[in-house]
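Residue 197 in UniProt numbering is what sits at position 197 of the sequence shown, and the numbering runs on without skipping anything. Don't be surprised by glycine CBs; every beta carbon is placed ideally from N, CA and C. Structure first, then comments.
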Amino acid sequence: MKPPLIALLFVLDFLKVLLLSIFAGLKILFKQVFIRKRKNISEQLALVTGGGNGLGREICLKLAQEGCNLAVVDLDYEAAKVTADKAKMYGVDATPYQIDVSDFMAVEKLRKMVNADMGPVDILINNAGVNFTGPIVEEHPLKIQKFMDINLMAYFWTTRVFLPHMIKRKHGHIVGVSSIAAYFPNPNVATYTTSKFGIRGFMEALNHDLYIQGHESYIKTTCAFPYYISTTKSLEERVRTICKYRYTVTPETTAEHIVEGIVYNYETIMIPPIASVLFYINCPRFFQKIYLDVMFKFNSGEKWHIDNDLW
């Protein structure tokens, strides 16, 4: 193909993307203002990782108020049991499970146990994670590896295990809890920031996969990007020491935003909402999807797969 023709086709594709983007933006604005539908998640089963304490517990309790049954997953069984007992006060079923979500085989075992005890999972909330601060050159490699296994790889394992069954049932919602650090990295938290960037990339790629594969209409994704969460007094005091504006959000407020995102099928949630300015610096996802439709040919039925020699 001659260069002038390539240039012409590029310009035409650019104009097509521009026009479709304007149309999509107006369509989404109209839906947000006039057709804001709230879905009913009562009696659905939500599995929450890291549900024993902090944000995970508050998410469980907010879901219980919506009528969701709960599989509360945590490495600390006693903490998970406390959360489950609190959730039961809202009249829902709640069962604690002690699982290391960084272990793929353990997650597969978890799916079988939950399915036998409570039925198939409707809502998967990947929340488990640990804090990690300090210069990367000062940390032990094995500690960094374990951190990434918990904060990032666990998202792969739970999604890999539960998503096929959601696709089979044509019903599901997957939630990832990232961090504002995925848009605005802070100093001395390179490992933590990398894990949160990874979650952001994973959730966006998953959303695109579901879109291209034709599952987006019945399997939804939501990724939350909270600011510093005051899960412990020591963390809140540390934030107030190192941050100029000394601002934190509570686990309760964060959980409210996340559950709101689930019932309204929001793909991205910035917490607090003012942080959305960071999101709009980047390309909104509905523009990315238009780009996918115009520039790629996945919808032709051709499978896109690159093999490797790792195994």
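key: Cα-Cα separation, A205 to F197   = Here residue 205 refers to the residue found at position 205 of the sequence shown. Here residue 197 refers to the residue found at position 197 of the sequence shown. The straight-line gap from Cα to Cα measures roughly 12 Å.
Task: Cross-strand partners of F225 (DSSP beta bridge) - done: Taking the first residue of the sequence shown as 1, we reach residue 225 at position 225. In the DSSP output, where bridge partners are listed per residue, F225 has M270.
Relative to the C-alpha of I229, which candidate in D74, L152 and A255 has its C-alpha closest?
Along the sequence shown, read from residue 1 onward, the residue named residue 229 stands at position 229. Out of D74, L152 and A255, A255 has the C-alpha closest to the C-alpha of I229.
Contact between the region 65-75 and the region 36-51 is defined here as three or more beta-carbon pairs at a separation below 8 Å; is this criterion met? yes
Nearest-angstrom Cα distance between D117 and H165?
Taking the sequence shown and counting its residues from 1, one reaches residue 117 at position 117. Taking the sequence shown and counting its residues from 1, one reaches residue 165 at position 165. For D117 and H165, the gap between their C-alpha atoms comes out near 16 Å.
**For F104, the nearest candidate out of V263, A154, L15 and I219 (CA to CA)** = Numbered from 1 along the sequence shown, position 104 holds the residue referred to as residue 104. For the residues V263, A154, L15 and I219, the minimum Cα distance to F104 belongs to A154.
- Query: Taking C-beta to C-beta, are R111 and Y264 nearer than 8 Å?
  - Reply: Start at 1 with the first residue of the sequence shown, and residue 111 comes out as number 111. Start at 1 with the first residue of the sequence shown, and residue 264 comes out as number 264. No, Cβ-Cβ distance for R111 and Y264 is not below 8 Å.
| Apart from the five residues just before and just after V121, which ones in its own chain have a Cβ nearer than 6 Å to its Cβ? | Here the question's residue 121 lines up with position 121 in the sequence shown. The answer, listed in chain order, is L45, L47 and F162.
Problem - With 16 other Cβ atoms within 10 Å as the buried cut-off, status of L5 - result: Along the sequence shown, read from residue 1 onward, the residue named residue 5 stands at position 5. With fewer than 16 Cβ atoms within 10 Å of its Cβ, L5 is classed as exposed.
Helix, strand or coil, according to DSSP, for T49 in the structure here? Along the sequence shown, one-based indexing puts residue 49 at 49. Three-state result, T49: strand.
Quiz prompt | Cβ-based burial, F202 [other Cβ within 10 Å; buried from 16] | solution = For this step, residue 202 is matched to residue 202 along the sequence shown. Buried, since its Cβ has 16 or more Cβ neighbours within 10 Å.
Within this structure, are the beta carbons of G172 and N127 separated by less than 8 Å? As a working mapping, residue 172 is identified with position 172 in the sequence shown. As a working mapping, residue 127 is identified with position 127 in the sequence shown. Their beta carbons are not under 8 Å apart, which means G172 does not touch N127 by this criterion.
* Touch test, the region 208-223 against the region 266-274, Cβ-Cβ under 8 Å, three pairs minimum -> yes
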